[in-house]
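Residue numbers (our numbering): 257 to 385. First the structure, in the form of structure tokens, and then the observations on it.
Structure representation (structure tokens):
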């Protein structure tokens, strides 16, 4: 008996860390979905990429109508233990260039958000004196 496995398809991907608010302990990432998830469709049509934002939704569905500037605390909103910091995953079956172009757009949105809300992807660790 011989088992036939279809050839595996390549998927290009990259991961981007989300900004963190040191004062509130919240990660910001829902702004990348746009209003009611409108940007997820934009990523698909403009860049031919699938974009997933992990670790900022709590118990709510992705893009469930939250306001653009809202954030979710990393310690509240969910009983789930986080094993890594919240992040954005960008994937494409079409090619690396698609992922790179989409990431460039996302990086620009993150920089704008960091300036607007005073958050950063550079976590300051507490120093023990």
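Ideal placement from N, C-alpha and C gives every residue a C-beta, glycine not left out. Quick caveat: nothing in here was measured; it's all calculated off a predicted structure.
Applying the criterion that 16 or more other CB atoms from any shown protein chain within 10 Å of the CB defines a buried residue, is residue 305 buried or exposed?
As a position in the chain shown, residue 305 is number 49, starting the count at 1. So residue 305 counts as buried.
Hey, could you find the ends of the alpha helix (DSSP H) residue 304 is sitting in?
For the purposes of this step, residue 304 is taken as the residue at position 48 of the chain shown. Run containing residue 304: none; DSSP gives neither H nor E here.
Let's see if you can read the secondary structure: which residues bound the alpha helix (DSSP H) around residue 363?
Taking the chain shown and counting its residues from 1, the one referred to as residue 363 is at position 107. Segment 352-373, the alpha helix (DSSP H) holding residue 363.
Quick one: grab the DSSP three-state call for residue 345.
The residue labelled residue 345 in the question sits at position 89 within the chain shown. Three-state result, residue 345: strand.
Residues in its own chain within less than 6 Å of residue 312 by CB, not counting five upstream and five downstream?
Here residue 312 refers to the residue found at position 56 of the chain shown. So the list reads 283, 285, 286, 328, 342, once near-sequence residues are dropped.
Would you call residue 340 buried or exposed, if buried means 16 or more other Cβ atoms sit within 10 Å of its Cβ?
In the chain shown, residue 340 corresponds to position 84, counting from 1. Counting Cβ neighbours within 10 Å, residue 340 comes out exposed, since fewer than 16 surround it.
Buried or exposed for residue 387, please, with buried defined as at least 16 other CB atoms from any protein chain shown within 10 angstroms of its CB.
Outside the shown range of the chain (257 to 385) lies residue 387, about which nothing can therefore be said.
Name the two residues that bound the continuous beta strand (DSSP E) containing residue 273.
Stepping through the chain shown from its first residue, residue 273 is reached at position 17. Run containing residue 273: 268-273, per the beta strand (DSSP E) assignment.
So for residue 283, helix, strand or coil by DSSP?
The count along the chain shown starts at 1 and reaches residue 283 at position 27. Residue state, collapsed to three classes: strand.
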